[in-house]
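Residue numbers (the UniProt record's numbering): 1 to 269.
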Amino acid sequence: MSENFPAPLIVRARPTGPRTFLSDTLLLTGRNVRLALRTPQLLALASITPAMFVLLFRYVFGGSIHVPGYPSYVDYLIPGIIVQTSLFGGSSSAVGVAEDMTKGVTDRLRALPTSRTAILAARTLADLLRLAYTIALLIALGYLVGFRFGGTPLEVAAGLTITLLFGYACSWLFTLIGLVVRDAESATMAGFLVTFPFVFASSIFTAPATFPHWLETFAEAQPVTHVTDALRGLSAGTASLHSVESALAWSLGIVVVSAVLATWRFRRL
1 MSENFPAPLI
11 VRARPTGPRT
21 FLSDTLLLTG
31 RNVRLALRTP
41 QLLALASITP
51 AMFVLLFRYV
61 FGGSIHVPGY
71 PSYVDYLIPG
81 IIVQTSLFGG
91 SSSAVGVAED
101 MTKGVTDRLR
111 ALPTSRTAIL
121 AARTLADLLR
131 LAYTIALLIA
141 LGYLVGFRFG
151 GTPLEVAAGL
161 TITLLFGYAC
171 SWLFTLIGLV
181 VRDAESATMA
191 GFLVTFPFVF
201 ASSIFTAPAT
211 FPHWLETFAE
221 AQPVTHVTDA
231 LRGLSAGTAS
241 LHSVESALAW
251 SLGIVVVSAV
261 LATWRFRRL
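Right, here's the structure in full:
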């Protein structure tokens, strides 16, 4: 007489290692990009908002704003709008992460034998690619309204690279926020509350020297001003080493801290 015993349950260990992380990140990034391409209206909206800011400040407010050292306000404005776009683009990561959690996408991805950190890295990389696309359109629009780069190609490339790094840092920061609030409506509100003071209390639209003293102190100390000044200086060929170093330090610091905290939070869900 023979007895049939159930086959032993085999539990596959979650793969680890740099190669697994890299391959999973690239695979999931491709998935996120394909999903974005299937909703072109989101790409259009991401481009329309900064374009409206350009046209508003170029033709409505630009005539009343005079910045020392910039005979044409548009040369001061466009680098600022590019940095603003990198901050707003990062805030969309919070909404995307929160929506994935609400719809159960995150749970399905966590159930797969993939690196969990790769799930977050793929989200931020896909958002970075969308930001690069939006910045390219902004530069084209800037040229149409009179903006011109005054720096060398190397300086311009360095400025845009710093801005993309800052946008990537913002994406990680807002990914962390999305993991904390866990729903799209709260993520949208949190994104607005975080971005609003850092955008308007900065050097994006005008020089902080025109602010009240207490607000000028905050504006000159916060990261958006440092990144904006670095991009603006490199775009014009007049950047100081201090502004570039400050922008890099802020961007790298935000990436490291936010990525570590976001990964820790994601593992505790």
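Even glycine gets a Cβ: it sits at the ideal position worked out from N, Cα and C.
{"query": "For Gly90, the nearest candidate out of Ile78, Ala132, Ser64 (CA to CA)", "result": "Ala132"}
{"query": "Environment of Gln41 [buried if 16+ CB atoms lie within 10 Å]", "result": "exposed"}
{"query": "Ser93 versus Val257: straight-line alpha-carbon distance, rounded", "result": "16 Å"}
{"query": "Spatial neighbours of Val181 in its chain, beta-carbon cut-off 8 Å, leaving aside the 5 residues before and after", "result": "Ala94, Ala98, Ala187, Ala190"}
{"query": "Cα-Cα separation between Leu179 and Val194, rounded to whole angstroms", "result": "15 Å"}
{"query": "Ordered list of alpha helix (DSSP H) runs contained in the region 64-112, each at least 4 residues", "result": "73-103, 105-111"}
{"query": "Extent of the continuous alpha helix (DSSP H) to which Ile135 belongs", "result": "116-144"}
{"query": "Residue nearest to Ile78 in terms of C-alpha spacing, selected from Ser235, Glu245, Thr263", "result": "Ser235"}
{"query": "Rounded separation between Thr106 and Asp100 - CA only", "result": "5 Å"}
{"query": "C-beta contact flag for Leu261 and Cys170 at 7 Å", "result": "no"}
{"query": "Any 3 or more C-beta pairs closer than 8 Å across the region 242-249 and the region 220-234", "result": "yes"}
{"query": "Candidates Val145, Thr238, Ser251, Ala239, of which the one nearest Gly62 by Cα", "result": "Val145"}
{"query": "DSSP state of Phe166 mapped onto helix, strand, coil", "result": "helix"}
{"query": "DSSP state of Pro212 mapped onto helix, strand, coil", "result": "coil"}
{"query": "Where the alpha helix (DSSP H) through Leu248 begins and ends", "result": "241-267"}
{"query": "Assigned exposure category for Asp75 - 16 Cβ within 10 Å defines buried", "result": "buried"}
{"query": "Contact the region 108-125 vs the region 23-32: 3+ CB pairs below 8 Å", "result": "yes"}
{"query": "7 Å CB neighbourhood of Asp229 in its chain, flanking five on each side removed", "result": "Ser203, Ser243"}
{"query": "Cβ shell of Leu164 (< 8 Å), same chain only, five flanking positions each side left out", "result": "Ser86, Leu128, Leu131, Ala132, Ile135"}
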